[in-house]
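**Student:** Numbering (the numbering used here), first residue to last: 88 to 591.
My questions will all concern the structure given below.
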Ligand code: MCA
Ligand code: AMP
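Put into structure tokens, the structure is as follows:
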């Protein structure tokens, strides 16, 4: 019999020796063992099958971070269902789009979700609309089903998950991640970050993205490690839990906020062997401040939804602030400038290739083709340079994506919302430097001739359609937008603009 490439089977083989050991420890709650989670996942897999979900079907999930949410992810892997996680901050209007695009066999949402979400699911003919709460509640757990301990056979190229991400067009597209892509990235990280028996991961990230769900959880499961599973990021709780952990992964905002916490010191970090940061640039100030306070040099790494983690600063060797380190095993990186491979230190666009790569955008062959080169490399859209020994430094992005607190905001999507408002002739949305979030969203809006813009109306429109983290934190009304000779809006000029004239 050939081997089962299902990631659930690969992970289980690795954590099997730890079945009766702690897996998820939520501060202040009961700890779940690996066996508890295995059984819960087997019950959820059987329950989903019971409602008609079949291998290859998508399951769209918009729930809070909880142990059951991890069990549901593992259940989908086990059943061969394609897991499609969504940020709980998304509005029903945003979820309706994902549901219509993914055409799932099941939608699992929070018990308290807006009724319009259920209507949207019905309109999209979703077979099963289920709920999952934070504490074992919800209709999914009430389906009578015997645990199904079989792990459905999958091939390397079968889909494990679809994660929505977006290009400059502003409409999210689903990155198709296969059992192989997730597996190879997990093993590469487990190796380069030197996981050892006894490692304990402090988990502070959300679990609807690659970083918190795959990077963090897969490393822990491959290691049979205990995970201190924080439902939310709270600097005081996290600081108090640090001494129980050996590894923590975060986005730069997490490290900035920990530094702002007066209790953080080297003693709290005495058992930590690895802090990693990614999803957005880590400033040299935070890197140096963290080293001064704790004695730890954060390992910055670089990744992307479509390809997982690509590079990391070394565990042994220099961790250089402002660089994202070396390619992971099995990952190729090249920098292309004016159509040719750039010489060391020359800035160009970063391209990559490897088994960690996605298999394309869900039902969007044209957009998949446009992100790939003729020789099969993926265009990341990031700009950077490689030094002579292969270390990568990022200097920016070719698209005008905003990264706020590690979450991506696509200006087009926000501009479309503003442009649809009464009296708005046009708008331009930019990311402005922010100490806490890295970048924050600022909108410039131009009124139609003779009209007056109501900023509260614009804010209300954003509330109705866009997740809160995408809302402009400042809306500035201007007579016109700066344009170049070709008529293109000069966003760089807007980013540089002092925003004292701000209206909220
Ligand atoms: C929350 N808010 C935000 C953000 N998060 N506003 C702007 N940007 C954000 N990122 C707003 C809320 O809407 C709310 O607004 C207020 O802040 C407080 O909300 P709360 O939920 O309490 O927020 P928080 O706990 O302070 O969250 C901040 C955070 C979080 C911890 C930085 O955003 C976070 O966990 N970010 C990590 C995202 C991540 O994992 N990215 C990886 C994707 P109000 O109160 O006004 O209503 S990238 C990836 O996966 C690739 C592969 C990679 O390289 O890693
Ligand atoms: P996402 O599409 O949400 O996966 O975000 C991926 C993008 O995050 C990358 O294309 C980079 O622009 C950015 N990113 C991730 N890690 C880093 C990092 N360490 N430094 C700078 N940018 C990063």
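Cβ coordinates follow ideal geometry from the N, Cα and C atoms, glycine included.
The structure presented is a predicted model; accordingly, all values stated were derived computationally and were not measured.
Out of 248, 526, 226, which has the shortest C-alpha to C-alpha gap to residue 142?
**Tutor:** 248
**Student:** Any chance the stretch 171-191 sits against the stretch 234-241, with 3 or more Cβ pairs inside 8 angstroms?
**Tutor:** no
**Student:** Using the rule of at least 16 other Cβ atoms within 10 Å of the residue's Cβ for burial, across every protein chain shown, is residue 95 buried or exposed?
**Tutor:** Looking at its Cβ environment, which holds 16 or more other Cβ atoms inside 10 Å, residue 95 is buried.
**Student:** Would residue 205 pass as a contact of residue 191 if the rule is Cβ separation under 8 angstroms?
**Tutor:** no
**Student:** Using 8 angstroms as the threshold, is the C-beta distance between residue 576 and residue 562 below it?
**Tutor:** Contact: no.
**Student:** For residue 127, which residues in the same chain have their Cβ closer than 6 angstroms to its Cβ, ignoring the five residues on either side in sequence?
**Tutor:** Sequence-distant Cβ neighbours of residue 127 in its own chain, meaning closer than 6 angstroms and more than five residues away, are 158.
**Student:** Relative to the alpha-carbon of residue 486, which residue among 553, 579, 568 has its alpha-carbon at the smallest distance?
**Tutor:** 579
**Student:** Return the chain-ordered list of same chain residues with a C-beta closer than 7 angstroms to the C-beta of residue 355, the five sequence neighbours on each side being excluded.
**Tutor:** Excluding positions up to five away in sequence, the list reads 326, 329, 330.
**Student:** Identify, in the order they occur along the chain, each residue of the same chain with its Cβ nearer than 8 angstroms to the Cβ of residue 275, setting aside the five sequence neighbours on each side.
**Tutor:** 396, 415, 416, 417, 418, 443
**Student:** Using the rule of at least 16 other Cβ atoms within 10 Å of the residue's Cβ for burial, across every protein chain shown, is residue 296 buried or exposed?
**Tutor:** Residue 296 should be labelled buried.
**Student:** Around ligand 2, what residues have a beta-carbon under 7 angstroms from a heavy atom of it, in chain order?
**Tutor:** 252, 296, 297, 364, 365, 366, 367, 368, 369, 387, 388, 389, 390, 391, 392, 411, 467, 468, 469, 481, 484, 488, 490, 495
**Student:** Would you check whether ligand 1 has a heavy atom nearer than 7 angstroms to the C-beta of residue 334?
**Tutor:** no
**Student:** So, with DSSP's three-state summary, where would you put residue 587?
**Tutor:** Any reading at residue 587 must be qualified, since the residue scores a pLDDT of 44, below 50, and its modelled position is unreliable; no value is offered.
**Student:** Just the Cα atoms here: how many angstroms apart are residue 318 and residue 503?
**Tutor:** 33 angstroms
**Student:** With DSSP as the reference, identify every bridge partner of residue 468, one or two as the case may be.
**Tutor:** Under DSSP, residue 468 takes part in no beta bridge, so it has no partner.
**Student:** Which parts of the stretch 471-515 are runs of the alpha helix (DSSP H), unbroken and 4 residues or longer, counting only runs that do not cross its ends?
**Tutor:** 498-506
**Student:** In terms of residue numbering, what span does the alpha helix (DSSP H) encompassing residue 130 cover?
**Tutor:** 121-137
**Student:** Between residue 554 and the rest of its own chain, which residues show a CB-CB distance below 8 angstroms, the 5 nearest in sequence each way excluded?
**Tutor:** 174, 176, 177, 178, 181
**Student:** Does the stretch 467-484 touch the stretch 377-394, meaning 3 or more C-beta pairs lie closer than 8 angstroms?
**Tutor:** yes
**Student:** Rank 341, 431, 286, 540 by C-alpha distance to the C-alpha of residue 312 and give the top, closest one.
**Tutor:** 286
**Student:** So, are the CB atoms of residue 492 and residue 338 less than 8 angstroms apart?
**Tutor:** yes
**Student:** Residue 573: buried (16+ other C-beta within 10 angstroms of its C-beta) or exposed?
**Tutor:** Exposed, since its Cβ has fewer than 16 Cβ neighbours within 10 Å.
**Student:** Determine the closest residue to residue 438 out of 404, 454, 473, 408, with distance taken between C-alpha atoms.
**Tutor:** Residue 438 has its Cα closest to that of 473, out of 404, 454, 473, 408.
**Student:** Identify every residue that forms a DSSP beta bridge with residue 109.
**Tutor:** In DSSP, residue 109 forms a bridge with 120.
**Student:** Assess, as a yes-or-no matter, whether the stretch 346-363 is touched by the stretch 404-411 under the definition of 3 or more beta carbon pairs within less than 8 angstroms.
**Tutor:** no
**Student:** Answer yes or no: the CB of residue 340 versus the heavy atoms of ligand 1, is any distance below 7 angstroms?
**Tutor:** Flag set: Cβ of residue 340 near ligand 1.
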